[in-house]
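Quick notes on the structure that follows.
Number of protein chains: 2
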Amino acid sequence: MLSTAHTAHSAFAPMATMKPQLTTLDELFSTVPRESLDIGEGLFWQGDRAQHIFEISEGVLRIFKIIGDGRRVITGFLYAGDMVGLSLKDVYIYSAEAVTPVKVRRVTKKNFRDALENSPELRPQLFALMCDEMAAAQDQMVLLSRKSAEERVCSFLLLIAKRMHGDQQIGRSVQLPMSRQDMADYLGLTIETVSRTITKLVTRGVISPNGRHAFDIAKPGKLLALCGDGDSYEDAGERAVKTRQAVWPH
Amino acid sequence: MLSTAHTAHSAFAPMATMKPQLTTLDELFSTVPRESLDIGEGLFWQGDRAQHIFEISEGVLRIFKIIGDGRRVITGFLYAGDMVGLSLKDVYIYSAEAVTPVKVRRVTKKNFRDALENSPELRPQLFALMCDEMAAAQDQMVLLSRKSAEERVCSFLLLIAKRMHGDQQIGRSVQLPMSRQDMADYLGLTIETVSRTITKLVTRGVISPNGRHAFDIAKPGKLLALCGDGDSYEDAGERAVKTRQAVWPH
DNA sequence: ATGCGCTGTTACAAACTGTTACACGATTCA
DNA sequence: TGAATCGTGTAACAGTTTGTAACAGCGCAT
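Taken in order, these protein sequences are the chains called A and B.
Taking numbering that gives the first Met the number 0, the leading residue of the first sequence gets 0, the next gets one more, and so forth.
Taking numbering that gives the first Met the number 0, the leading residue of the second sequence gets 0, the next gets one more, and so forth.
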């Protein structure tokens with residue numbers, strides 16, 4: 000599969016004659032035309048032969064797995080700039096569907112491999128991407144394993160708020176293009192619990208609705224405190240949260 | 000602790016031109032001495048400066064994160080042959096402790112990077128490792144998100160049974176060197192629920208205890224049916240579910 | 001061998017989340 | 001326009017898992 004290292008010298012080859020030396024992964028995708036997906040349309044399905052790697056240039060995608068009796072788990076939402084399809088398996092082990100209208104570019108796995116072998120600058124970028132993905136997966140495991148419903152929803156709001164604003168700072172507004180069911184399947188909750196929890200946050204003035212798929216973060220500090228990623232000052236945990244619920248009537 | 004760590008690094012230090020061309024990741028570690036960890040001893044901690052990458056050559060390690068109020072999430076158990084410490088971050092984002100007596104080898108991140116750049120054969124191996132890790136993380140998300148307590152315990156038993164036998168087939172016996180608390184923190188349950196569930200499986204004759212930290216799988220088919228990875232097309236490719244007939248004639 | 005400590009097991013009540021059911025508003029289609 | 005459908009919100013009830021606590025089993029030291 001990935002063992003096609005024909006050109007062992009390429010690591011040291013200064014410049015390939017035919018192919019331009021790529022310096023970013025984006026460049027690899029930039030030459031192919033964009034494809035469009037409508038809302039709800041699938042990019043690929045769990046079990047399909049995995050032949051391409053995709054880069055999202057616009058819109059939001061959901062990545063999910065389905066187990067036997069229909070239970071669905073969304074393992075991630077992907078935004079512009081993210082890549083999807085990375086795997087050494089012959090088939091995709093998850094499905095990808097458009098949450099919003101999406102535009103993607105695709106390259107074959109072979110071309111992707113070749114580009115990596117030919118460009119030493121690309122490899123650290125891929126490594127970094129995969130490390131970030133792994134770190135995100137572990138955070139998600141923490142969320143699913145030990146966080147309460149409220150902490151999960153707050154963590155999610157913060158995650159999306161960050162992603163919408165370049166991962167650097169938390170925006171004051173959050174767009175949630177996905178359905179409540181999507182959120183529930185991502186957070187390991189039911190749709191009703193998501194709904195209840197959001198209502199509670201609105202009632203307490205932590206966030207304020209801006210239509211059904213957007214919220215303003217009225218009290219970012221409180222949202223942070225409720226997300227469960229205890230910043231050292233918070234050491235009483237669950238009990239502290241309950242206390243606050245009682246203490247803050249408004 | 001870990002007093003033998005420093006002498007070995009110089010083995011890779013010399014000029015860039017004459018580095019041996021490695022063909023497997025194992026070889027990269029094989030020249031440095033093994034370090035020993037006692038039961039419960041930490042290899043590194045969340046927040047430590049991340050300077051090394053480790054390969055486990057013996058024993059079992061637990062990888063975990065701690066959030067604010069003391070909640071612990073074990074994100075994985077690592078066995079001989081596994082690598083740990085891969086990250087682009089400056090600090091480790093999780094901790095690693097010995098479940099059993101452990102022997103590890105370490106290389107610096109710099110040497111690791113250099114070896115990868117100099118050996119095209121190594122890169123696909125690392126890519127494969129990271130993909131496997133990612134796939135495992137997603138399976139774990141499914142488990143934590145949507146599986147019942149019983150399904151979690153059964154999945155765990157099957158996972159360990161597979162890993163103990165080279166990932167190829169499921170053994171008839173399972174060694175569980177970790178404590179019930181470790182299992183609970185890995186499965187997103189409480190220690191009591193783990194205990195109850197195991198008792199129930201024993202009562203029903205699915206497994207039979209062999210001391211407290213080992214079980215015989217009396218009804219492998221039943222265990223598979225209970226693990227929740229329904230017979231969806233997901234596993235149709237090459238996975239154990241498919242080979243169930245071959246492995247277990249009954 | 002006896003006592004102590006840790007780990008694991010079991011029982012029961014409580015809590016959180018899930019389940020079920022229905023209402024509301026927006027959109028689609030006849 | 002009006003009915004049907006979809007996504008969502010709300011409420012009462014049910015169920016699984018948890019928390020608490022007491023008890024049992026194993027290992028270890030005295």
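All C-beta atoms, glycine included, are put in the ideal place defined by N, C-alpha and C.
Query raised in the report: With 8 Å set as the bound, which would you pick, yes or no: does the beta-carbon of B:Cys130 sit closer than that to a beta-carbon of chain A?
Result: For the purposes of this step, residue 130 of chain B is taken as the residue at position 131 of the second sequence. Taking CB atoms only, B:Cys130 has a neighbour in chain A less than 8 Å away.
**Report entry** Any C-beta of chain A under 8 Å from that of B:Pro119
**Finding:** For the purposes of this step, residue 119 of chain B is taken as residue 120 along the second sequence, with counting starting at 1. Chain A places a beta carbon closer than 8 Å to that of B:Pro119, counting this residue as a contact.
Query raised in the report: Can you tell me whether A:Gln180 is buried or exposed, with buried defined as 16 or more other CB within 10 angstroms of its CB?
Result: As a first step, residue 180 of chain A must be located in the first sequence, where it is residue number 181. With fewer than 16 other Cβ atoms within 10 Å, it is exposed.
Query raised in the report: Which residue's Cα is closest to the Cα of A:Met163: A:Asp68, A:Asp25 and A:Gly80?
Result: Counted from its first residue, the first sequence places residue 163 of chain A at position 164. Among A:Asp68, A:Asp25 and A:Gly80, the Cα nearest to that of A:Met163 belongs to A:Gly80.
**Report entry** Coarse secondary structure for B:Ala97, derived from DSSP in three states
**Finding:** The residue labelled residue 97 of chain B in the question sits at position 98 within the second sequence. Residue state for B:Ala97 is assigned as strand, using DSSP reduced to three classes.
Requested in this report: Assign B:Gln20 to buried or exposed, taking buried as 16 or more other Cβ atoms, counted over all protein chains shown, within 10 Å of its Cβ.
Outcome: In the second sequence, the residue the question calls residue 20 of chain B occupies position 21. By the 10 Å Cβ count, B:Gln20 comes out exposed.
Query raised in the report: Does the region 107-124 of chain B touch the region 68-78 of chain A, meaning 3 or more C-beta pairs lie closer than 8 Å?
Result: The region 68-78 of chain A vs the region 107-124 of chain B: no contact.
Query raised in the report: Under the DSSP definition of a beta bridge, which residues are partnered with A:Ser194?
Result: Sequence index remark: in the first sequence, residue 194 of chain A carries index 195 (1-based). For A:Ser194, which the question treats as bridged, DSSP gives no partner whatsoever.
Report task. Verify the CB distance criterion: does A:Phe28 have a CB-CB separation below 8 Å to chain B? Result -> Against the first sequence, residue 28 of chain A aligns to sequence position 29. So no, A:Phe28 is outside the interface.
Query raised in the report: Are there 16 or more other CB atoms within 10 angstroms of the CB of B:Glu54, so buried, or fewer, so exposed?
Result: Here residue 54 of chain B refers to the residue found at position 55 when the second sequence is read from its first residue. With 16 or more other Cβ atoms within 10 Å, it is buried.
Query raised in the report: List, in order along the chain, the chain A residues whose C-beta lies closer than 7 Å to that of B:Gly229?
Result: The count along the second sequence starts at 1 and reaches residue 229 of chain B at position 230. Those within 7 Å of B:Gly229 in chain A are Ile66, Gly67 and Asp68.
Query raised in the report: Do the region 91-98 of chain A and the region 52-67 of chain A make contact, defined as three or more Cβ pairs closer than 8 Å?
Result: Segments in contact, yes.
Report task. Determine, using beta carbons only, whether A:Thr74 comes closer than 8 Å to chain B. Result -> Within the first sequence, numbered from 1, the residue matching residue 74 of chain A stands at position 75. Contact with chain B is found for A:Thr74, since one of that chain's Cβ atoms lies less than 8 Å from the residue's Cβ.
**Report entry** Residues of the region 184-201 of chain B with Cβ closer than 7 Å to any Cβ of chain A, in chain order
**Finding:** Answer in chain order: Gly187.
Query raised in the report: For A:Ala95, which residues in chain B fall below 8 Å Cβ to Cβ?
Result: The count along the first sequence starts at 1 and reaches residue 95 of chain A at position 96. Residues of chain B with a Cβ closer than 8 Å to the Cβ of A:Ala95 do not exist, since the nearest Cβ in that chain sits about 13 Å away.
Query raised in the report: How should B:Val72 be labelled, buried or exposed, when 16 other C-beta atoms within 10 angstroms of its C-beta is the threshold for buried?
Result: Within the second sequence, residue 72 of chain B is the residue found at index 73, counting from 1. Classification for B:Val72: buried.
Query raised in the report: Looking at the C-beta of B:Glu116, does it have a partner C-beta in chain A at a distance below 8 Å?
Result: As a working note, residue 116 of chain B is residue 117 in the second sequence. Chain A contact via Cβ: present.
Query raised in the report: Which class does B:Glu120 belong to by DSSP, given the choice of helix, strand or coil?
Result: In the second sequence, the residue the question calls residue 120 of chain B occupies position 121. In the structure shown, B:Glu120 adopts coil according to DSSP, grouped into three states.
Requested in this report: Starting from B:Leu143, find everything on chain A with Cβ-Cβ shorter than 7 Å and list it in chain order.
Outcome: Walking along the second sequence from the start, residue 143 of chain B turns up at place 144. Taking the beta carbon of B:Leu143 as reference, the chain A residues within 7 Å of it are Met140, Leu143, Ser144 and Gly187, listed in sequence order.
Query raised in the report: Over what stretch of residues does the alpha helix (DSSP H) that includes B:Ile73 continue unbroken?
Result: What you label residue 73 of chain B is simply residue 74 of the second sequence in a count that begins at 1. No alpha helix (DSSP H) holds B:Ile73; the beta strand (DSSP E) holding it covers Arg71 to Leu77.
Query - Classification of A:His212 by the beta-carbon crowding that lies within 10 angstroms, buried from 16 upward - result: Numbered from its first residue, the first sequence carries residue 212 of chain A at position 213. Flag for A:His212 reads exposed.
Query raised in the report: Any idea if A:Thr23 is buried or exposed, counting beta-carbon neighbours within 10 angstroms, 16 or more meaning buried?
Result: Your numbering for residue 23 of chain A matches position 24 in the first sequence. That one is exposed.
Query - A:Asp274 (DSSP reduced to helix, strand or coil) - result: Residue numbering for chain A in the displayed model covers 0 to 249; residue 274 of chain A lies beyond these limits and cannot be assessed.
Report task. Please confirm if A:Ala127 has its CB atom under 8 Å from at least one CB of chain B. Result -> As a position in the first sequence, residue 127 of chain A is number 128, starting the count at 1. Yes - at least one Cβ of chain B is within 8 Å of the one on A:Ala127.
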